[in-house]
Structures are given as C-alpha cells and as structure tokens.
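Residue 6 in full-length UniProt numbering sits at position 6 of the sequence shown; the count goes up by one each step and never skips.
By construction, the Cβ of each residue, glycine as well, lies at the ideal position given by its N, Cα and C atoms.
Read through the structure below, which is laid out as structure tokens, and then see the notes.
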Amino acid sequence: MEGEILLQAEDECMLGMHLLQFVEVVEEACTNLLPHVVCEYLYVLSMKFTSFYSKCKNLVGLLRRPADCFVAG
Numbered sequence: 001m002e003g004e005i006l007l008q009a010e011d012e013c014m015l016g017m018h019l020l021q022f023v024e025v026v027e028e029a030c031t032n033l034l035p036h037v038v039c040e041y042l043y044v045l046s047m048k049f050t051s052f053y054s055k056c057k058n059l060v061g062l063l064r065r066p067a068d069c070f071v072a073g
C-alpha cells in the first residue's frame, strides 16, 4: 500500500503513534522473554482505539474501508 499517512485529530495521532511501536514491543518481548509486554501494549492500544473511535466515529462511518482512516492515496 502506498500513500501518505494523514493523521489530524489528536486521538488519531496518538493511535497512529502507538501502532508504530508494535515491532519494537514485540522485539523487546522476544529478546527479554517478557510476553507481558505485548499484553500491556495491546491493552493500551485498545484504550487508545476506543478513545479514537468514540470521538471520530463520524469520520469512520464516511470511509469505505477502515484502512482509509490512516492512508490517503
């Protein structure tokens, strides 16, 4: 998928930034044998997504695909 990532709303930015940390979190969990790090990441991710969705659901409803939320081509 190509295109720019356009994050405008504060909650959208926070969710996007958190998603970018996924690889780093998984690497840390594997390197240090700490699976709870992934669980904590996912818990925080769910809170950030809930906040984003509750504030931006009008935006989400206008889009054809969920990926359109983050990528504009």
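inquiry  = If I follow the unbroken alpha helix (DSSP H) through L20, where does it start and stop?
reply    = Premise fails: L20 is in no alpha helix (DSSP H) and is neither H nor E.
message = Quick check: the Cα distance between A29 and V23, rounded to an integer number of angstroms?
response = Those two C-alpha atoms are separated by around 10 angstroms.
ask   = Beta carbon of F52, beta carbon of E12: below 7 angstroms?
value = Closer than 7 angstroms, so yes.
task = Just the C-alpha distance for H36 and Y43, rounded to the nearest angstrom, thanks.
result = Going by C-alpha positions, H36 is about 10 angstroms away from Y43.
inquiry  = Which same chain residues end up closer than 8 angstroms to residue 100 when comparing Cβ atoms and leaving out the 5 residues on each side of it in sequence?
reply    = Outside the modelled stretch of the chain, which goes from 1 to 73, sits residue 100, for which no answer is possible.
task = Note down the Cα distance separating L45 from N32, rounded to an integer number of angstroms.
result = L45 and N32: Cα-Cα distance of roughly 21 angstroms.
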